[in-house]
Each structure stands twice: as C-alpha cells, then as structure tokens.
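Peer 1: Residue numbers (the UniProt record's numbering): 1 to 330.
Provided herewith is a single structure, encoded as structure tokens, for subsequent inquiry.
In structure tokens:
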C-alpha cells in the first residue's frame, strides 16, 4: 500500500478536505468543461462536499472499515442505512442524494487509482437493481396526524424542565414555519419578529448566518398554532440568561446537534403513534408546505417561504398534497 492511501485510511476526512480544494478534484468531474478548468471550486461548494464525505467516512469508521478497503457492498449498505445517530441506523438518503454520494466517492477512488473502483461498481449494481435512484414519495402529515403530533409534543411547567419547552418550540417552528433542521438549529432570536401580522402569524427573516451553506436569505411565516409556545420560549430563554444569539441553544448557548432534533421528532411521532417512512424534520417541513398549499398560498410565495432557488421545486409539494388526501399515505 502506498503512503497516500495510508494517509487516506488514517484520516480520510482531512485528506478529502485537502483534495476537494484542488484543481485535480474539479477535473475528476464528468462534465467536459471540468476537464479543462483552471481554478478550484468555490469554498461554498467545497463545504457541501466536505459535509457529504464526512458523513460517509464516519459511517465507515463506525463499522471499522478503512476507506481503501470499502467494497461496493459497503457503499450500497451506506445507501440503505444512511447514517448513524447514536446507536441507531437512520435511512435518510433520497434517490438524487444517493447518486451524488456514489459519484463523489467514485471520484476519490479514481484519484487514489484504486481498481476496481467500488463506487463505480455500486452505481452499476444500484442501476441494475433499480434501487436507490428512484424517488420515494414525499411524506407529510395529514390534519388528523398534525393534531396527534401536537398533543404528543413534550410539555412541562416545572422550572427545571425548560429544555422540554425549548424542544417543543423547536418542533413547532419546523412544523408551522417550514424550516430545515439546519435552519432551526441556526435560527437567531432577532430573526423572529415579535410583531404579529393581521392573521396572527409572525414573520421569520432568515439569514445564512449560523445556517447550512445551502440556506438562502428568505422570509417565512410562523403560523398561529405555534406562536404562543415559540414566543413564550423566547421570553423564558431571555430570563434564563442563556448566552449567545441562537433561538434554540444548548444550555451553554452553543448550537444543538442535528441528532438531538432528529431524536426529538422521532420520539414525538412515536408517542403520537404516527408511522411514517421518514421520521425527521423533513416530514415537518413537508407538512408545512402542504398546509400552505391547502391555505391557498401561491407557488411563487411558497417558493420564497421555503427558501428554494427554483419555483419548480415546489411541484413535489403539490404532488404530496394530492397523495396526502389519500388516508393510506403512510
């Protein structure tokens, strides 16, 4: 084994971090224009790739598999299970993302001159089985499930159990404002308007600050069912004198881990006896979008509220609304 591969096995995340910032990485792309490009990719794009690769590398490490020794079976298993949350395997890779992961990993093995390339083999295997690259139906809660979800949210009046009130407000914000997990984790206190609109809703002015690199600056609407709990939490947060500017922080004022939010939502859904294929924050965001369509929110407006770059991206929510009208959607 050569020294470069040894370095990748010892610290794949660090090695990839250096590789993705080089022109060589860009030239491993499949587009003809990439083959002659003279400048590396921008930092924003590199950050997304680093996040993706880090997720895969940590998953391999959890199984005790060195990067250079991973087989196409390992890669397909990664697509099947998605990631590790605590001791729980979580399937959270949709079809398009699955393909992007394999293409990214294929570029790394190509760079290391590892043959046969396990990622290329995995792509062929997935296509042959007609798995992973076929979109699954979007999951959103119907009206009855929304009521059960809200009834199952964590609740306590005990002063020492303020975290339960924070966790309740987090989930309500995702459900009634459509925020991504990264956006709710990075939401700043000053981004939530304290001034009510005529219908009782409150604006949330999101900025990319503290959010994921793919988050756009946009304005969404926090609908009335969540307002009381969210504003009450912000008031309590101030009285607790938690440091920092995050709306939903850890006791230290630092950002919560995404795993925490995932487990919160999963627990609430389980308590509400709601069985859905995807039990994370994405289901709550989907539900918000479907409810907005039901309220008559126009496509251009919904696109802006969700922080989407393309208006056609909302078509999937329109399809989800049609599916949601079928009581057997879960």
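Glycine included, every Cβ here is placed at the ideal spot set by N, Cα and C.
This one's a predicted model, so the numbers in the text were calculated from it and none came from an experiment.
#1: Given a cut-off of 7 angstroms on the beta-carbon distance, is the pair residue 149 and residue 272 in contact?
#2: Between which two residues does the beta strand (DSSP E) carrying residue 238 extend?
#3: Starting from the Cα of residue 166, find the closest Cα among 196, 217, 224, 250 and give me that residue.
#4: One question on the structure: do residue 281 and residue 181 come within less than 7 angstroms of each other, judged by their Cβ atoms?
#5: Could you pull the start and end residues of the beta strand (DSSP E) that residue 205 belongs to?
#6: In the structure shown, what three-state DSSP assignment does residue 196 receive?
#7: Who does residue 110 pair with in a DSSP beta bridge?
#8: By DSSP's criteria, residue 221 is part of a beta bridge. Which residues make up the other side?
#9: Suppose you measure from the CA of residue 3 to the CA of residue 57; what does that come to, to the nearest Å?
#10: Once DSSP output is grouped into helix, strand and coil, what is the label at residue 269?
#11: Just to confirm before moving on: does the CB-CB distance between residue 255 and residue 198 stay below 7 angstroms?
#12: Who are the near neighbours of residue 14 in its chain, counting only those whose CB is closer than 6 angstroms to its CB and skipping five residues on each side?
#13: For residue 53 versus residue 16, is the C-beta spacing smaller than 7 angstroms?
#14: Please determine, among 12, 61, 189, the residue with the shortest C-alpha to C-alpha distance to residue 243.
#15: Residue 80: which of 70, 98, 67, 69 sits nearest, CA to CA?
#16: Confirm, please, whether the CB-CB distance from residue 176 to residue 225 is below 7 angstroms.
#17: Can you grab the Cα-Cα spacing for the pair residue 105 / residue 46, in whole Å?
#18: Residue 86 to residue 252, Cα distance in whole Å?
#19: Taking residue 201 as the reference, which of 207, 208, 193 has the closest Cα?
#20: Short check: CB of residue 231 to CB of residue 204, under 7 angstroms?
#21: Would residue 155 be called buried (16 or more neighbouring beta carbons within 10 Å of its own) or exposed?
Peer 2: A quick look at the data gives this:
#1: Yes; because the gap between Cβ atoms is below 7 angstroms, this pair is in contact.
#2: Per DSSP, residue 238 is not a residue of any beta strand (DSSP E); the alpha helix (DSSP H) it occupies stretches across 224-240.
#3: Ranked by Cα distance from residue 166, the options 196, 217, 224, 250 are led by 250.
#4: Cβ distance < 7 angstroms, so residue 281 and residue 181 count as in contact.
#5: Run containing residue 205: 202-206, per the beta strand (DSSP E) assignment.
#6: The DSSP-derived three-state label of residue 196 is strand.
#7: Paired residue(s): none; residue 110 is not in a bridge.
#8: According to DSSP, residue 221 bridges with 203.
#9: Near 19 angstroms, if we compare the C-alpha coordinates of residue 57 and residue 3.
#10: Three-state DSSP puts residue 269 in a helix.
#11: Remark: C-beta atoms of residue 255 and residue 198 do not approach each other more closely than 7 angstroms.
#12: Closer than 6 angstroms at the Cβ level, and outside the excluded window around residue 14, lies no residue.
#13: Yes, these two residues count as a Cβ contact at 7 angstroms.
#14: Closest by alpha carbon: 189.
#15: Selected option, being the one with the closest Cα: 98.
#16: For residue 225 and residue 176, yes; Cβs fall inside 7 angstroms.
#17: Cα-Cα distance, rounded: 14 angstroms.
#18: Residue placement at residue 86 cannot be trusted, given a pLDDT of 42 that sits under 50; what the coordinates show is reported in the next sentence. The straight-line gap from Cα to Cα measures roughly 21 angstroms.
#19: Closest by alpha carbon: 193.
#20: With respect to the 7 angstroms criterion, residue 231 and residue 204 are not classified as neighbours on the basis of their beta carbons.
#21: That one is exposed.
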